[in-house]
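Going by numbering that gives the first Met the number 0, the sequence shown opens with residue 0, and the numbers climb by one from there. Think of the CB as a built atom: it goes at the ideal place given N, C-alpha and C, for glycine as much as any other residue. Report on one structure; see the data block that follows.
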Amino acid sequence: MKRLKKVKVLAGLIVLTLGLAVPAWADTLIDIQGHWAEKNIKSLVEKGAITGYPGGQFKPNANITRAEVIVVLVKSLGHQGRAESIDTGNLPFADVSSGHWVGKYLAVALERRIVPEGKTFRPSDKATRAEIATMIISSMGKKEQAEALTLRPRFSEELTFKDVPSNHWAASFITLANKEEIIKGYEDKTFKPNKSVTRAEAVTMTVRMLEKMGKAPSSAEEGEYSGLIIDCRG
């Protein structure tokens with residue numbers, strides 16, 4: 000009987016604690032305050048789509064890898080559950096084994112046509128602007144729309160950036176990503192398709208994608224916990 004009372008008291012304390020406004024753990028990141036992407040970083044961290052590093056750092060200006068981009072996109076789109084259950088035994092990439100940490104997310108990305116099949120994936124390579132533009136447009140379900148652009152007689156006239164010619168492998172995806180206002184170019188009218196993407200840039204592009212898809216991260220008041228409240232009373 001005493002044990003049951005203790006359990007009820009503990010359960011009540013849990014409900015009380017979770018029911019209060021508590022600091023979101025994104026607010027503990029020590030290197031994003033005042034950063035131009037602070038709001039977007041907090042949004043995706045609270046969504047559980049990306050995490051920081053030990054010691055409270057997020058490293059917003061560090062480059063993001065191709066594998067990390069895949070994880071962010073899969074989690075942002077709400078496919079975490081599918082990633083936990085999907086079979087990774089048939090991955091086509093020689094450099095990503097079934098037990099690789101990105102394997103389950105990459106399997107979902109293949110299933111959702113976020114990335115195409117190939118001999119290698121290069122998971123540890125830094126993601127480029129051209130690559131992330133392609134992944135994001137594919138994540139939005141607009142791969143066919145992008146590919147159709149190249150069939151237009153005047154496709155070359157639709158190109159915005161002087162360093163992305165019509166025969167560039169990602170030209171149509173970059174063009175569409177720019178039209179969707181996901182990724183912008185530079186003042187000198189270049190896109191710099193081979194430039195590496197930072198964690199802050201990847202987060203911002205992902206948030207823009209979610210907004211376009213009507214899946215923007217929750218706009219909970221800053222400093223409040225926006226997660227699940229578990230009622231353990233009984």
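query                                                                                            : result
Sequence-distant residues of its chain with Cβ nearer than 6 Å to K214 (five each side left out) : none
Three-pair Cβ contact test at 8 Å for the region 136-154 versus the region 163-178               : yes
R111 beta carbon less than 9 Å from that of V73                                                  : yes
Proximity below 9 Å, CB of P53 to CB of H34                                                      : no
Rounded separation between G98 and M208 - CA only                                                : 29 Å
Three-state secondary structure assigned by DSSP to Y185                                         : coil
V68 versus V44 - alpha carbon distance                                                           : 14 Å
Where Q32 sits in the DSSP three-state scheme                                                    : coil
Simplified DSSP state of K178, which is helix, strand or coil                                    : helix
Option in K188, E179, S195, A199 with minimal Cα separation from E210                            : E179
Own chain residues within Cβ distance below 6 Å of G51, not counting five before or after        : L28, F57
Strand pairing of Q79, partner residues [DSSP]                                                   : According to DSSP, which records beta bridges pairwise, Q79 is partnered with nothing at all.
Pairwise C-alpha distance: P216 and S42                                                          : 6 Å
Where the alpha helix (DSSP H) containing T119 begins and where it ends                          : Counting along the chain, T119 falls outside any alpha helix (DSSP H), and DSSP gives it neither H nor E.
Rounded C-alpha distance that separates A20 from D26                                             : Only weak support is given to the placement of A20: the predicted model assigns it a pLDDT of 31, under 50, and the value that follows is read from those uncertain coordinates. Their Cα atoms are separated by approximately 13 Å.
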